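Top to bottom, those sequences are chains A and B.
Here the first sequence stands for residues 100 to 363, numbered as in the working numbering.
Here the second sequence stands for residues 100 to 363, numbered as in the working numbering.
Even glycine gets a Cβ: it sits at the ideal position worked out from N, Cα and C.
For clarity, every value in this text was computed on a predicted model and none was experimentally measured.
This report concerns only the one structure given below.
Protein chains: 2
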Amino acid sequence: LTCDPVVEGVHFTADAPAPAVGRKAVARNLSDLAAMGAVPDYLLVSLLVPDGCPPARRRGVLAGIRSAARAARCTVVGGDLGRTPGPLTVTVTAIGHLDGGVLLRTGARVGDRLHVTGPLGGASLGRHLRIRARLAEGRWLARQAGVGAALDVSDGLLLDLATLLEASGVPGAILEAGAVPIHADARRLARTTGRTPLAHALADGEDHELLFTVRAGTRLPAGGPLAAVARRTIGELASRRGLWLRTADGRLARLGAEGWHPDV
Amino acid sequence: LTCDPVVEGVHFTADAPAPAVGRKAVARNLSDLAAMGAVPDYLLVSLLVPDGCPPARRRGVLAGIRSAARAARCTVVGGDLGRTPGPLTVTVTAIGHLDGGVLLRTGARVGDRLHVTGPLGGASLGRHLRIRARLAEGRWLARQAGVGAALDVSDGLLLDLATLLEASGVPGAILEAGAVPIHADARRLARTTGRTPLAHALADGEDHELLFTVRAGTRLPAGGPLAAVARRTIGELASRRGLWLRTADGRLARLGAEGWHPDV
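The structure is reproduced here in structure tokens:
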């Protein structure tokens with residue numbers, strides 16, 4: 100069971116195409132199911148429409164929701180259409196089931212290798228409206244022995260990693276600077292922000308790739324849905340407290356658990 | 100499964116006590132479960148907080164949600180806390196199970212007697228913040244033979260009755276003017292609006308009493324939770340198209356399916 104909203108002015112701008120807004124509202128929640136290895140079944144939709152919102156925009160959002168539901172083979176079974184004096188707000192509840200395994204945030208251990216299913220950073224340039232929930236990957240991972248913990252990168256790699264560590268009672272993690280996969284969008288964004296592409300990859304969020312741990316010495320089977328994604332080993336969980344970055348010359352730099360956090 | 104929002108400026112005013120807002124957000128959804136005869140199990144809560152909202156108000160809303168959940172013996176199992184540039188918005192998803200029967204909107208037939216579990220009208224004077232979901236009543240009704248269809252009076256008796264008729268494919272209904280139970284709040288409100296207390300009872304909404312039909316000739320068992328409420332037979336379903344009011348002198352007056360509709 101999962102329930103996440105998208106709000107105009109927070110999760111999308113007024114010029115975002117309505118169907119993309121609907122698809123994002125669904126995909127955020129499907130990504131939460133993916134992070135548990137769950138299979139989506141049903142969606143509930145609460146759509147709050149501002150006074151004066153053109154009916155075409157409302158219909159566009161609903162069309163986007165339906166198309167995203169169809170693509171994930173789940174069904175919109177209920178919800179509510181209401182008005183608000185505030186911004187367009189779409190709250191989707193997703194209900195799924197487990198199928199032979201489960202991924203939790205609590206299963207990581209010191210020594211686990213840290214993996215991510217794809218490149219990170221710069222999602223705000225537009226990818227945040229085209230979230231692809233890693234459903235097949237999560238379902239597959241949930242069935243493999245040796246997978247420790249998992250979640251989806253929504254608030255930013257460092258912040259989500261800190262969440263995973265805290266949930267699992269693991270003191271820290273060491274990331275390999277050269278191993279964190281950097282999305283081309285992070286490089287593009289870095290040109291205008293003056294920050295490094297790596298900083299964007301570590302902190303931007305809304306990537307919705309799966310971040311997961313694998314026991315040291317365990318080799319996941321070849322093939323399966325992970326073969327098709329740019330899965331990377333990006334570091335390991337450590338008994339040393341805090342988040343650390345190992346640079347090319349082998350030195351450890353302390354990182355804050357910062358990230359772009361859309362929520363309060 | 101049900102999901103309904105409450106929005107500041109639509110479903111409550113800025114001066115509504117925060118715990119009452121939380122309780123209302125839960126009760127609206129519990130009332131939807133009650134109308135199906137379901138037993139509540141789990142709640143998900145999406146709380147969208149405006150910038151500058153005092154933390155005490157946010158905590159008050161959450162406290163109200165928890166107390167309402169406790170009272171209904173269900174559990175908040177997840178959700179999301181986010182920010183909004185708009186008004187305080189609380190969207191609750193409720194998950195319940197059926198227990199030996201179900202109430203649907205689709206089961207009414209011509210000839211059914213129409214009942215309501217309590218007096219109607221004037222909820223806007225304050226009762227709308229103290230919704231008491233008729234859970235025990237719904238659960239009991241769902242197990243009785245001869246109950247046709249049911250829903251909860253949220254948008255107003257006439258509008259909800261029209262919804263029930265449409266869902267059941269019944270052409271019309273005749274209400275007895277002297278039988279519709281009028282809440283004292285409807286009489287109080289009528290003094291300031293210039294409308295009649297009956298008009299308020301028929302159209303105001305947010306009463307969250309159960310409106311249900313019983314087959315002609317069926318007598319529900321005495322006792323049970325309905326013995327404790329002011330259940331009234333208020334009319335019957337008819338083959339004559341539309342909503343009609345039978346006045347004391349036996350004449351039929353046509354009614355519109357109007358009601359206060361908080362939603363678009």
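Asked	Found
Extent of the continuous alpha helix (DSSP H) run through G121 (chain A)	A117 to A133
9 Å Cβ cutoff, C102 (chain A) in contact with chain B	yes
Cβ neighbour criterion (16 or more within 10 Å) applied to G369 (chain B)	As shown, chain B starts at 100 and ends at 363. That puts residue 369 (chain B) outside it, with no answer to give.
CA-to-CA distance, L319 (chain B) to G245 (chain B), given in whole angstroms	8 Å
Members of the stretch 171–190 of chain A that neighbour chain B once the beta carbon cut-off is set at 8 Å	V176, G177, G178, D179, L180, G181, R182, T183, P184, G185, P186, T188 and T190
Residue of A:G121, A:R212, A:A302 and A:G334 minimising C-alpha distance to V144 (chain A)	A:G121
Residue from A:G247, A:R208, A:R165 and A:R233 with nearest C-alpha to V201 (chain A)	A:G247
Residue range of the beta strand (DSSP E) that includes I164 (chain A)	Careful: I164 (chain A) lies outside any beta strand (DSSP E), inside the alpha helix (DSSP H) at P154 to A170.
Endpoints, beta strand (DSSP E) assigned at E236 (chain A)	Unbroken run through E236 (chain A) is the alpha helix (DSSP H), L234 to A241; no beta strand (DSSP E).
Pair within 9 Å by beta-carbon distance, G163 (chain A) and P104 (chain A)	no
Own chain, CB closer than 8 Å to G159 (chain B), minus 5 neighbours either side, in chain order	P116, A117, P118, V120 and G121
Touch test, the stretch 280–288 of chain B against the stretch 171–191 of chain B, Cβ-Cβ under 8 Å, three pairs minimum	no
Top-ranked residue by Cα proximity to L309 (chain B), from B:R165, B:G177, B:W239 and B:H110	B:W239
S145 (chain B) - partner residues in DSSP beta bridges	B:D179 and B:T190
E265 (chain B): first and last residue of the uninterrupted alpha helix (DSSP H) it sits in	L256 to S267
CB of A376 (chain B) within 9 Å of CB of T312 (chain B), strictly	In the structure displayed, chain B extends from 100 to 363; residue 376 (chain B) sits before or after that span and is not available.
E305 (chain B) at chain A interface by Cβ criterion, 9 Å	no
Own chain, CB closer than 6 Å to L301 (chain A), minus 5 neighbours either side, in chain order	L256 and L257
Cut-off 7 Å between Cβ atoms - residues of its own chain near R226 (chain B), not counting five sequence neighbours on either side	D284
Any C-beta of chain A under 9 Å from that of E236 (chain B)	no
Check whether L336 (chain B) and G271 (chain B) have beta carbons under 9 Å apart	yes
Helix, strand or coil at R353 (chain B) according to DSSP, with G and I counted as helix	strand
Inter-residue Cα distance where the pair is D114 (chain B) and S338 (chain B)	46 Å
Close Cβ partners of R127 (chain A) (< 6 Å) along its chain, the five nearest in sequence each way excluded	D103
Contacts of L147 (chain A) in chain B (Cβ-Cβ under 8 Å)	P104, V106 and T188
Bounding residues of the beta strand (DSSP E) (the contiguous stretch that carries R287 (chain A))	From DSSP, R287 (chain A) is part of no beta strand (DSSP E) but of the alpha helix (DSSP H) over A283 to T292.
Per-residue burial, E305 (chain B) [other beta carbons within 10 Å of its own, 16 or more giving buried]	buried
Proximity test, Cβ basis, 9 Å: A113 (chain A) and chain B	no
Proximity below 9 Å, CB of R242 (chain A) to CB of G136 (chain A)	yes
Environment of R330 (chain B) [buried if 16+ CB atoms lie within 10 Å]	buried
Cβ-heavy atom distance, V209 (chain A) to the ligand MG, below 8 Å	In the structure on display, the ligand MG does not appear, and there are no ligands present to speak of.
Neighbour-count burial assignment, P153 (chain A), 16 or more Cβ in a 10 Å radius	exposed
P97 (chain B) in three-state terms, based on DSSP	Residue 97 (chain B) lies beyond the residue range present for chain B, which begins at 100 and ends at 363; the question has no answer from this structure.
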